[in-house]
Amino acid sequence: MKKIIIIILPIIFLLGGLSAQDADAILKKVDENLSSENRVFESEMIIHGRRGSRTITSKTYSVGDKRSFTEYLSPPREAGTKMLKLEDQLWIYSPATDRTIQISGHLLRQSVMGSDLSYEDMMDDRKLTEIYSARLTGEEVLDGRKTYALELDARVEDAAYHRRKVWVDTERYVPLREELYAKSGQLLKRTTLSKVEKIQGRWFPTVIVFKDMLKQGDGTEFRMTSIQFDQEIPEYLFTKAALKQ
Amino acid sequence: MLAFKLAFKNIFGAGYRTILNIAVLSFAFVTIIFYNGVIDGWNQQARRDTIEWEIGQGQLWHPSYDPLDYFSYQDAHGPIPEALQAEVSAGRLAPILVAQASAFPQGRMQGVLLKGIPPGQSILKIPTAALEEQDGQVPVLIGKRMAQSIKMKEGDQLLLRWRDKNGTFDALEVTIAGVFDCNVPTIDGGQVWLPLERLQDMLGMPGQATLLVAGEGFTPSGDTGWAFKGHGYLLADLNKIIQSKKGGSGVIYGLLLIIALLAIFDTQVLSIFRRQKEIGTYIALGMTRWQVVGIFTVEGTTYSILAILLGALYGGPLLWYLSEVGWAMPSGSQDIGISIADKIYPVYGAGLIVTTVLLVVVSATLVSFLPARKIAKLRPTDALKGKIQ
């Protein structure tokens, strides 16, 4: 009996180690697809509320995970509103008041224009491999696509979500679904990613549906209408002065 | 004495004009006392409630804490200074930890402030005994305004989401263990009160606080780095509001007083015009002009004395009744962010009454004297002839 245990135990540990290693490798491939030096994209945010849906279009320039600049293009009520993220600070310019305000504290937790995304969500854009240790828990089929089911546990103290579940397309290494959990285990958000397209040599989901599981409503749909990676973005865009221009 | 006798005789002889003057002046007198009584009553109630429910005998603030600056909340917490631990243990200081969070009543997201307070504290009137944990539930307290805004009642479950000291999201369903009714909106609207140790645990900040509320017997001493804020500082905003209200109300009752004084002024001008022969007779009988001016001035002053007596006659019972039943505030006035009760009980201090009496008498004397000065320029012969000058 002892002999059997002595033989089996190292195999179990070895398999477990391999599994973690595989999971981390999968996660790395996901990061390679989703992260880029910089990107410029136009998008439609369709917010499904209790009184119907509304669509907000915007154009975003982002560099790494530290800097981004967004200008809202429509509807007329939101057009001209600009948002600037620099490191962990966020400013919003409203053309109606011609004022720039810094979003902090309570306001960061508020939803962006009534969507299921908070300002905090928009600010957290680090690579998954920087934050989480992954564990492969199995394979599942989602919408006809074979996926790896991964469980991610935060390995840094300042992770926004303590635990995530991610279903990654086994061929294209793009997440098709994500569930974000609180430390207590409460499911906080669910993200569904679809319409995966090959753009500049990488697979990228162009439709993302965010659902805040604590709120009522059918979630917020985020459609990328155009996206370009590794573009030349003028430096002046990432200054507060650019908000008023 | 002669002046008073003549004054009373002339006043009662004037009939309706006198009644009108006295009635209007007495109304102004009663209104001034009532208005100021309401503001004084509100001031006393607001100060008392703020002290009992929110600020105690003062507060010690963490160096980064600024209640008016939400940017400061994230960093405004730290271990309770060693030098103050004994005071906390003795119950002379109640530590409060403040954190921002989101609540999800009926699936709606609402920004809230989480405030941790020891369940056993007795410095503030907040019924924190209800925060004793039992049956594995996390009890919380909310104020009546918060309960109304999130449409929840005692026993309901409320989902909270917050970020701990590292910024990691956490969420928990808590039970509303009680809804307290107080007139201090700054501890009510958008706030959820939890057991201190539970909140410290939720945020990963054991032994930490944002501010300490002082109770009876606490004397600030030594430099702990935490700034002590006394009543003068913590009630400064309330004092300013009261002062501004008093200024605003002064305009209203000032107008009323001016109307009453205008009536007296007109009466005096008319009296002097119509009673020129009488004035001439007084002077012919040997009175000096200024003595005659005195007679007319006293007449005007007598209006104010009679107005005060009349005001006391009907205003006394009326004001006493209002001080007993209170003055109901319009609904919604409690939501404007300052301490204001559903009913304000006016307080009429001796200082207020004496000041109002003096104001009415002096102003009535002044407006009586101004037209009477004309008498000093009258020639007695012309006055006897009744010549208009």
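Which chain is which? The protein sequence lines are A and B, in order. If you're matching positions, the first sequence starts at 16 in the numbering used here and goes up one per residue. If you're matching positions, the second sequence starts at 346 in the numbering used here and goes up one per residue. Built from N, CA and C at the ideal position, the CB exists for glycine as well. No experiment lies behind these values; they were computed from the predicted model shown.
Membership of W387 (chain B) in the alpha helix (DSSP H) is indicated by the continuous run 361-395. Contact between S119 (chain A) and F416 (chain B) is confirmed by a C-beta separation of about 5 Å, below the 8 Å threshold. In chain B, no part has a C-beta under 9 Å from the C-beta of S68 (chain A); the shortest such distance is about 17 Å. Chain A places no beta carbon closer than 9 Å to that of R718 (chain B), leaving this residue out of the contacts. Interface residue (Cβ-Cβ distance to chain B less than 9 Å): G232 (chain A) is classified as such. Within chain B, N511 have C-beta atoms less than 7 Å from the C-beta of E172 (chain A), given in sequence order.
Closest option to P408 (chain B), judged by alpha-carbon separation, among B:A421, B:E397, B:G401: B:A421. In summary, P484 (chain B) is buried, with 16 or more beta-carbon neighbours lying within 10 Å of its beta-carbon over all protein chains present. Within the same chain, Cβ atoms closer than 7 Å to the Cβ of T240 (chain A) are found at E57, S58, E59, the five residues on either side in sequence being excluded. Along the segment 541-562 of chain B, none of the residues has a CB nearer than 7 Å to a CB of chain A.
Straight-line measurement puts the Cα of E644 (chain B) at about 15 Å from the Cα of L365 (chain B). Note that the C-beta distance between V524 (chain B) and I487 (chain B) is below 9 Å. DSSP, read as helix, strand or coil, puts K510 (chain B) in coil. Within the model, the alpha-carbon separation for W406 (chain B) versus W571 (chain B) is close to 5 Å. When B:G456, B:K489, B:P440, B:R453 are compared, the shortest CA-CA separation from L469 (chain B) is found for B:P440. Bridge pairing for L556 (chain B): B:W406, B:I441 [DSSP]. At least 9 Å separates the beta-carbon of A175 (chain A) from that of Y147 (chain A). Listed by position along chain A, the residues whose Cβ is nearer than 7 Å to that of L517 (chain B) are S199. What H177 (chain A) touches in chain B, judged by beta-carbon distance under 8 Å, is T513, F514, D515, going in chain order. Straight through space, the alpha carbons of F237 (chain A) and A40 (chain A) are spaced by roughly 28 Å. In the DSSP annotation of this structure, the continuous segment of the alpha helix (DSSP H) that includes K590 (chain B) starts and ends at 581-619.
Between the beta-carbon of L202 (chain A) and that of V181 (chain A) there is about 14 Å, and that puts the pair past the 8 Å contact cut. Within chain A, not a single residue places a beta-carbon under 8 Å from that of L503 (chain B); the smallest gap is close to 11 Å. Counting only unbroken stretches of 4 or more residues, the alpha helix (DSSP H) elements lying wholly within the segment 110-156 of chain A are 134-138, 143-146, in sequence order. Taking 9 Å as the threshold, the shortest C-beta distance from M454 (chain B) to chain A falls below it. Membership of D727 (chain B) in the alpha helix (DSSP H) is indicated by the continuous run 725-730. In the DSSP assignment, N355 (chain B) falls within the unbroken alpha helix (DSSP H) covering 347-358.
Looking at the DSSP output, W672 (chain B) bridges to B:I689. A direct Cα-to-Cα measurement between P716 (chain B) and Y659 (chain B) gives close to 31 Å.
In the structure shown, R453 (chain B) adopts coil according to DSSP, grouped into three states. Using a CB distance cut-off of 9 Å, L99 (chain A) does not count as an interface residue toward chain B. In this structure, the CA atom of I61 (chain A) is about 26 Å from the CA atom of R114 (chain A).
By the 16-neighbour rule on beta-carbons within 10 angstroms, Y578 (chain B) is exposed.
Contact between F372 (chain B) and L664 (chain B) is absent: CB atoms are separated by about 13 Å, not below the 8 Å threshold. Not a single C-beta of chain B is nearer than 9 Å to the C-beta of D245 (chain A). A direct Cα-Cα distance of roughly 13 Å separates R718 (chain B) from Q621 (chain B).
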